[in-house]
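**Q**
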Amino acid sequence: RSGTPGSSHRPLARRFAPRPTPALPAPARMRVLRRAAVAAAAAAVVLGASPAAASEAAEQYEFQTEVSRLMDIIINSLYSKKEVFLREVISNSADALDKARYLSIENPAILEENPELEMRISFDEAERTLTIRDTGIGMTKQDLVQNLGTVAKSGTTQFVESVASSGDLSLIGQFGVGFYSVYLVSDKVQVTSKHHDDDQYIWTSTADSTFTVSKDEQGNTLGRGTEIKLFLKEDALEYANQDRLEGLVKRYSEFISFPIYLHKSKTEMVDDDEADGAEADDEEEDDEEDDEEEDDELSTEDADDEPAKQKEVTSWKWERVNNQPAIWSRAKEDVSKDEYIEFYKSFSKDFSDPLTWTHFRAEGEVEFKSILYIPGKAPFGMYENYYNTKAALKLYVRKVLITDEFDELIPKYLNFIKGVVDSDDLPLNVSREMLQQHKILKVMGKKLVRKILEMLRKLSEAEQAKKKKKS
1 RSGTPGSSHR PLARRFAPRP TPALPAPARM RVLRRAAVAA AAAAVVLGAS PAAASEAAEQ
61 YEFQTEVSRL MDIIINSLYS KKEVFLREVI SNSADALDKA RYLSIENPAI LEENPELEMR
121 ISFDEAERTL TIRDTGIGMT KQDLVQNLGT VAKSGTTQFV ESVASSGDLS LIGQFGVGFY
181 SVYLVSDKVQ VTSKHHDDDQ YIWTSTADST FTVSKDEQGN TLGRGTEIKL FLKEDALEYA
241 NQDRLEGLVK RYSEFISFPI YLHKSKTEMV DDDEADGAEA DDEEEDDEED DEEEDDELST
301 EDADDEPAKQ KEVTSWKWER VNNQPAIWSR AKEDVSKDEY IEFYKSFSKD FSDPLTWTHF
361 RAEGEVEFKS ILYIPGKAPF GMYENYYNTK AALKLYVRKV LITDEFDELI PKYLNFIKGV
421 VDSDDLPLNV SREMLQQHKI LKVMGKKLVR KILEMLRKLS EAEQAKKKKK S
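Each residue of the sequence shown is one higher than the last, beginning at 1 in the working numbering.
#1: What distance in whole Å lies between the Cβ atoms of K394 and W328, which are believed to be in contact at a cut-off of 8 Å?
#2: Would you kindly work out how many angstroms separate the C-alpha atoms of V449 and S265, rounded to a whole number?
#3: Residues in the same chain with beta-carbon distance under 7 Å from E268, minus the five sequence neighbours each way, listed in chain order, please.
#4: Tell me whether P11 sits in a helix, a strand or coil according to DSSP, three-state version.
#5: Can you tell me where the alpha helix (DSSP H) with A462 in it begins and where it stops?
#6: Please classify K469: is it buried, with 16 or more other beta-carbons within 10 angstroms of its beta-carbon, or exposed?
#7: My parser needs the beta strand (DSSP E) runs of 3 or more residues fully inside the stretch 334-363; what are they?
#8: So the alpha helix (DSSP H) E246 belongs to, where does it begin and stop?
#9: Could you work out which residue in K82, I402, Y383 is closest to Y183 when comparing CA atoms only?
#10: Checking the sheet assignment: what are the DSSP bridge partners for K266?
#11: Does the beta-carbon distance from I137 to V89 come in below 8 Å?
#12: Report yes or no: do three or more beta-carbon pairs, one from the stretch 255-262 and one from the stretch 198-211, lie closer than 8 Å?
#13: Name the residue from L111, S205, T135, F347 whose alpha carbon lies nearest to the alpha carbon of M119.
#14: Please work out which residues of its chain come closer than 7 Å, Cβ to Cβ, to R251, disregarding the five sequence neighbours upstream and downstream, and give them in chain order.
#15: On the premise that V249 lies in contact with K311, defined as a C-beta separation below 8 Å, what is that separation, rounded to the nearest angstrom?
#16: Is Q464 a contact residue of the ligand MN, with contact defined as CB to any heavy atom under 7 Å?
#17: My understanding is that L441 touches L414, with C-beta atoms under 8 Å, so please give their C-beta distance in whole angstroms.
#18: Around the Cβ of I105, are there at least 16 other Cβ atoms within 10 angstroms (buried) or fewer (exposed)?
#19: Under 8 Å: do the stretch 329-342 and the stretch 375-382 share three or more Cβ pairs, one atom per stretch?
#20: Sorted by chain position, which residues of the same chain lie with C-beta nearer than 7 Å to P351's C-beta, five sequence neighbours on each side aside?
#21: By Cβ distance, which residues of its chain are closer than 6 Å to Q242, with the 5 residues on each side in sequence left out?
#22: For D124, does the three-state DSSP call read helix, strand or coil?
#23: Check for me: the alpha helix (DSSP H) holding I110 runs from which residue to which?
#24: State the beta-bridge partners of D422 as determined by DSSP.
#25: Work out the CA separation of D187 and F360 for me, nearest whole Å.
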């Protein structure tokens, strides 16, 4: 109801309007700002002010409450598939191996004890453990505390605020959250590491509010590098299966530059040595007898003809699982025609040769390398299932597979194209859903479409030239 002149009633809009908050005096504002700054600084501190000694050998550190909450968000929200934990761990190991190789140029002593740069993956179904070991640069005690005990070196508050305000997903990689994906499948993690300049230490945590760091009582067993031991959850026992592990390595990390070995078992039937030995003893006793009746000799011959007893024997050996080179990272002049064809058959699972291909490196606003193929035959059901056909491009970041289920790079009418795209400009530690929103992909898509159309045009011109020669 509107007010009238002389009326004691105020207009409704004015009566129910929120009253402005009175401005604080300058001294009060300064006190509030100081308190806010202190609170922000406290939230950014990941480790407690001082380590509390859990025992004489181990030092126990506490995460702040905000860090525990942030870790829970990372573990449960950042990754859409649990299986990517292995991709993240292998990528970290590859970085450590790269660093060891680089530093050994100036200091060859780093590689003296163990010149091999490699990764080894083993598992124990009975203990429900999975172990990933590398011979990289390793970590000192201080590195273990800072790198594994800190979600973000710049402070957790800055991490949350930066991602929330800018929406720039590349910040995720800068804050190094990839390691924490191990808690997707494990409830306890033990990291043993040996650096060239320090003793061997063990970092242990159960993803709660604390972690411990202690000197390894067994001494220097690694020589150099890091060993990550995961104690698997009840619902993650599939990752203690060699076929599952081999499939994941080949899917996500097949093109890693360093060799990856998997400790594999093989079960076969062999002759029972004890049974053979017993039969040999029986034959010797028969030879010592002077006179044997004919029936006894026949029975002895029949016994010799009986098949030897067999038993099941399981043997273990290390087998390399990433044998395929990433030929797209080489100059196209250095890649032969046979290598292109072999690579196509390897990643596409197509037994026929490709019709043609293009190998290029895009530069400018975004840099990436790619090899695109036109199959020798049209895919089965290409026209009948046009709208359900998925793209056959694999997207990599620094030779690590991010996704092969991505339909946004090229339009549907080009879904018959097969190939790989590798970029250093994309963040590694993101899910496919987050990747779809990344602005770089739009630029990449335009360049890929242009290259594909150019390849089709050249193919058409070559066909027309052949027809003219025949006519």
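All C-beta atoms, glycine included, are put in the ideal place defined by N, C-alpha and C.
**A** The short version:
#1: On the sequence shown, residue 328 is found 328 positions in, with the first residue counted as 1. On the sequence shown, residue 394 is found 394 positions in, with the first residue counted as 1. About 11 Å separates the two Cβ atoms, so there is no contact after all.
#2: Translated into the one-based positions of the sequence shown, residue 449 becomes position 449. Translated into the one-based positions of the sequence shown, residue 265 becomes position 265. If I take the Cα positions, the gap works out to 46 Å.
#3: As a first step, residue 268 must be located in the sequence shown, where it is residue number 268. Within the same chain, E268 has close Cβ partners V313.
#4: Sequence index remark: in the sequence shown, residue 11 carries index 11 (1-based). Note that P11 has pLDDT 46, beneath the 50 cutoff, so the model's placement of it is unreliable and the number below is only indicative. Coil.
#5: Against the sequence shown, residue 462 aligns to sequence position 462. Run containing A462: 439-470, per the alpha helix (DSSP H) assignment.
#6: Working through the sequence shown from its first residue, we reach residue 469 at position 469. By the 10 Å Cβ count, K469 comes out exposed.
#7: 356-362
#8: On the sequence shown, residue 246 is found 246 positions in, with the first residue counted as 1. It spans 242-252 - the alpha helix (DSSP H) in which E246 sits, taken as one unbroken run.
#9: In the sequence shown, counting from the first residue as 1, residue 183 sits at position 183. Here the closest residue by C-alpha is K82.
#10: As a first step, residue 266 must be located in the sequence shown, where it is residue number 266. According to DSSP, K266 bridges with S315.
#11: Translated into positions along the sequence shown, residue 137 becomes position 137. Translated into positions along the sequence shown, residue 89 becomes position 89. In this structure, V89 does not lie closer than 8 Å to I137 by Cβ.
#12: no
#13: For this step, residue 119 is matched to residue 119 along the sequence shown. Comparing Cα positions, the closest option is T135.
#14: Taking the first residue of the sequence shown as 1, we reach residue 251 at position 251. So the list reads L401, once near-sequence residues are dropped.
#15: Counting from 1 along the sequence shown, the entry for residue 311 is found at position 311. Counting from 1 along the sequence shown, the entry for residue 249 is found at position 249. About 32 Å separates the beta carbons of K311 and V249, which is beyond the 8 Å limit, so they are not a contact pair.
#16: Among the components modelled here there is no ligand, and therefore nothing to report on the ligand MN.
#17: Within the sequence shown, numbered from 1, the residue matching residue 441 stands at position 441. Within the sequence shown, numbered from 1, the residue matching residue 414 stands at position 414. About 15 Å separates the two Cβ atoms, so there is no contact after all.
#18: To locate residue 105, count along the sequence shown from 1; it is residue 105. I105 should be labelled exposed.
#19: no
#20: The sequence position of residue 351 within the sequence shown is 351, counting from 1. Per the sequence shown, residue 351 should be read as Phe rather than Pro. Within the same chain, F351 has close Cβ partners K345.
#21: Residue 242 sits at position 242 when you count from the first residue of the sequence shown. Taken in chain order, the residues that qualify are K264.
#22: Walking along the sequence shown from the start, residue 124 turns up at place 124. Looking at D124 - three-state DSSP - the assignment turns out to be strand.
#23: The residue you call residue 110 lines up with position 110 of the sequence shown. Unbroken run through I110: none, as it is neither H nor E.
#24: By 1-based counting over the sequence shown, the position of residue 422 is 422. DSSP output for D422 lists K369, Y396 as bridge partner(s).
#25: Walking along the sequence shown from the start, residue 360 turns up at place 360. Walking along the sequence shown from the start, residue 187 turns up at place 187. Cα to Cα, F360 sits roughly 44 Å from D187.
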